[in-house]
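With full-length UniProt numbering as the guide, the letters of the sequence shown map in order to residues 1 to 458. Beta carbons: idealized from backbone N, C-alpha and C, even for Gly. Everything on this sheet refers to the single structure shown next.
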Amino acid sequence: MNQKHILHLYWRAGFGITPKQIEQLIGKTKTQVVDTLFRQSSKTTPLVIDLIELESFSVDRLKKSKSTRIDFNKISREKILEFNGAWMQRLTNTNELLREKMTLFWANHFVVKEDNAVFVQQYNNVLRQHALGNFGDFVKAISKEPAMIKYLNTKQNRKQSPNENFARELMELFTLGTGHYTEQDIKQSAKAFTGYNHDFEGDFNLRQRQHDTGFKYFFGKAGKYDGDDIIDIILEQKQCAKFICEKVYKYFVNDRVNSVHIEQMVNQFYPNYNIEKLMRFVFSSDWFYAEEHIGSKIKSPVELIVGINNTVPFKLKNERDSLKIQRVLGQVLLSPPNVAGWKGGRSWIDSNTIMIRLRLASVLLNNAFISSKEDGDFVDAYKQRLLKRNKNKLPFQTDAKWSVFESNFSKTKVNNLKEYIIQQPLNNGTLSYLNNLNKSSKQDVCIQLMSLPEYQMC
């Protein structure tokens, strides 16, 4: 497997790869490289922060005291911010690369927004646990998670007055897609999820008095179905496999779907719904490495941030700045815009975010300073405005570990840096621009490459 294809694989299945890491894979076959990727993600390491403060509260205390509820909510908000930072750290420092990328993918598929940090952590680890497992088991587990039960109002779904929110989104967003079910299917399946609830600790419980035990008529079948039965019937529909395969294709391969490739994926995925088998097939297929797919996708804000960090590790001196960066780029982990999640693709870039994205590497690695001329004073006016606006403090104080970069790229010549940092082919104008740069510093060239429009692609 050649260097170009290894880079492509590790950008799509992760967040990039260094020359030192590539050295260990060069000479191996495609099967061996893909096996290495999956072997690294064979185990699941839960992401856990200290939630003792929240766990000390009790239901009785919260019911009796408004001030106690205010304290609980305040601590919970702080812990969610802490978990956001812990998740970003996990993405930048993990051996389970594919599992973490899949967790990020599923978080934008099974979308929730939750204000209880205990439920947030629990939900995130359910995503991680099932990320490469069986999709049917995954959907059933998600349906019983307190974060999902709260978010889509399943707690309000009772025998006497069914709430259809979860049943609708289950089919529209999670399994089948629009147009592959009827309003009657929604109404009948909602009955099967009546009584779904959870306790204060986050354990699922079924409230028998609120559960409809009668017959449901769903997709041409009749039975005294519960929620798991409904999910099993949905999984029988080949459209479910197609819907998931199309979403996987758009995320990991190309925004433009190839119907032949999708059919091949569906044949691997249906009827057993083994996610690992599906992803192995995708990463092992010759078409995955076709030129039309390499450098064809716009990096999400998280991919952009983590990718920069993988090339040049940096630490924000104020951890809260990570949230600010996510916010200005348009993707805050644990805070999706709606139940459909982030649209991705071209929606990541607009007139407001493009300049921030192009300057991000400079902000994070060079104190918001782009050195593009030999005198190193190309955008001094921009730097002065930033300093004035922030009372002579740069907006994001970072500690960039250039020594790690120098070690990982020690055998890479300055002229060859672009082969590791840029995935998209460069046009003649950009190549001419790069040739005119002052190449005395590998660090300067690295930042310049990350400031190119082509770096926005992977």
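Proximity of Y196 and K144 at Cβ, strictly below 9 angstroms: By one-based count along the sequence shown, residue 196 stands at place 196. By one-based count along the sequence shown, residue 144 stands at place 144. The answer is yes: Cβ separation under 9 angstroms.
Contact between the region 105-125 and the region 135-153 (3+ Cβ pairs under 8 angstroms): Remark: three or more beta-carbon pairs, one from each stretch, lie closer than 8 angstroms, so the region 105-125 and the region 135-153 are flagged as touching.
Buried versus exposed, by CB contacts within 10 Å (16 or more), N76: Stepping through the sequence shown from its first residue, residue 76 is reached at position 76. Correcting the residue identity first, residue 76 is Ser in this sequence and not Asn. Burial of S76 is indicated by the presence of at least 16 other C-beta atoms within 10 angstroms of its C-beta.
Other residues of its chain near G330: CB distance less than 7 angstroms, five sequence neighbours each side excluded: In the sequence shown, the residue the question calls residue 330 occupies position 330. Answer for G330: P301, W348, T353, listed in chain order.
Limits of the beta strand (DSSP E) - the one that F218 falls within: As a working mapping, residue 218 is identified with position 218 in the sequence shown. For F218, the enclosing beta strand (DSSP E) starts and ends at 216-218.
Whole-Å CB distance - R99 paired with L132, under 8 angstroms assumed: In the sequence shown, the residue the question calls residue 99 occupies position 99. In the sequence shown, the residue the question calls residue 132 occupies position 132. At roughly 6 angstroms, the Cβ-Cβ gap stays under 8 angstroms, so R99 and L132 are in contact.
Alpha-carbon spacing of S161 relative to T154, whole angstroms: Taking the first residue of the sequence shown as 1, we reach residue 161 at position 161. Taking the first residue of the sequence shown as 1, we reach residue 154 at position 154. Distance between the alpha carbons of S161 and T154 is about 11 angstroms.
Cα-Cα separation, A13 to F193: Along the sequence shown, one-based indexing puts residue 13 at 13. Along the sequence shown, one-based indexing puts residue 193 at 193. Distance between the alpha carbons of A13 and F193: 35 angstroms.
Extent of the continuous alpha helix (DSSP H) to which H198 belongs: Position 198 of the sequence shown, counted from the first residue, corresponds to residue 198. Segment 196-198 is the beta strand (DSSP E) holding H198; no alpha helix (DSSP H) there.
Where D444 sits in the DSSP three-state scheme: Mapped onto the sequence shown, residue 444 falls at position 444. In this structure, DSSP gives D444 a helical state, which the three-state scheme calls helix.
Inside the region 222-308 only - alpha helix (DSSP H) runs reaching at least 4 residues: Taken in chain order, the complete alpha helix (DSSP H) segments of 4 residues or longer contained in the region 222-308 are 227-235, 238-252, 259-269, 275-284.
I22 to L7 span [Cα, whole Å]: In the sequence shown, residue 22 corresponds to position 22, counting from 1. In the sequence shown, residue 7 corresponds to position 7, counting from 1. When rounded, the distance between both Cα atoms is 8 angstroms.
The region 357-367 / the region 431-447 touching (three or more Cβ pairs under 8 angstroms): Taking one beta carbon from each stretch, the region 357-367 and the region 431-447 have 3 or more pairs nearer than 8 angstroms; the two touch.
Three or more C-beta pairs below 8 angstroms linking the region 29-40 and the region 268-285: Touching, yes.
Per-residue burial, M355 [other beta carbons within 10 Å of its own, 16 or more giving buried]: Here residue 355 is taken as the residue at index 355 of the sequence shown, counted from 1. So M355 ends up on the exposed side.
Per DSSP, the bridge partner or partners of T398: In the sequence shown, counting from the first residue as 1, residue 398 sits at position 398. DSSP, once it has assigned bridges, lists L316 as partnering T398.
Cβ pair W323, L360 closer than 9 angstroms: Working through the sequence shown from its first residue, we reach residue 323 at position 323. Working through the sequence shown from its first residue, we reach residue 360 at position 360. In the sequence on display, residue 323 carries Leu and not Trp. Not closer than 9 angstroms, so no.
Span of the alpha helix (DSSP H) around L7: By one-based count along the sequence shown, residue 7 stands at place 7. Per DSSP, L7 is one residue of the alpha helix (DSSP H) stretching across 3-12.
Which listed residue (T29, F204, F83, V332) has its alpha carbon closest to that of K140: Position 140 of the sequence shown, counted from the first residue, corresponds to residue 140. That would be F204, whose Cα lies nearest to the Cα of K140.
Whether M102 touches S189 by CB criterion (9 angstroms): Taking the first residue of the sequence shown as position 1, residue 102 is located at position 102. Taking the first residue of the sequence shown as position 1, residue 189 is located at position 189. Between M102 and S189, the gap from beta carbon to beta carbon reaches 9 angstroms or more.
Per-residue DSSP class, three states only, for L97: Start at 1 with the first residue of the sequence shown, and residue 97 comes out as number 97. Note: L97 maps to helix in three-state DSSP.
Residue-level contact to chain B via CB, D203, 9 angstroms cutoff: The chain inventory of the structure shown lacks chain B, comprising one protein chain alone.
Residue nearest to T29 in terms of C-alpha spacing, selected from P19, N2, I52: Here residue 29 refers to the residue found at position 29 when the sequence shown is read from its first residue. The shortest C-alpha separation from T29 is found at N2.
Beta-carbon separation (whole angstroms), I233 vs C245, contact threshold 8 angstroms: The residue you call residue 233 lines up with position 233 of the sequence shown. The residue you call residue 245 lines up with position 245 of the sequence shown. That belief does not hold up - the Cβ atoms of I233 and C245 are roughly 19 angstroms apart, past 8 angstroms.
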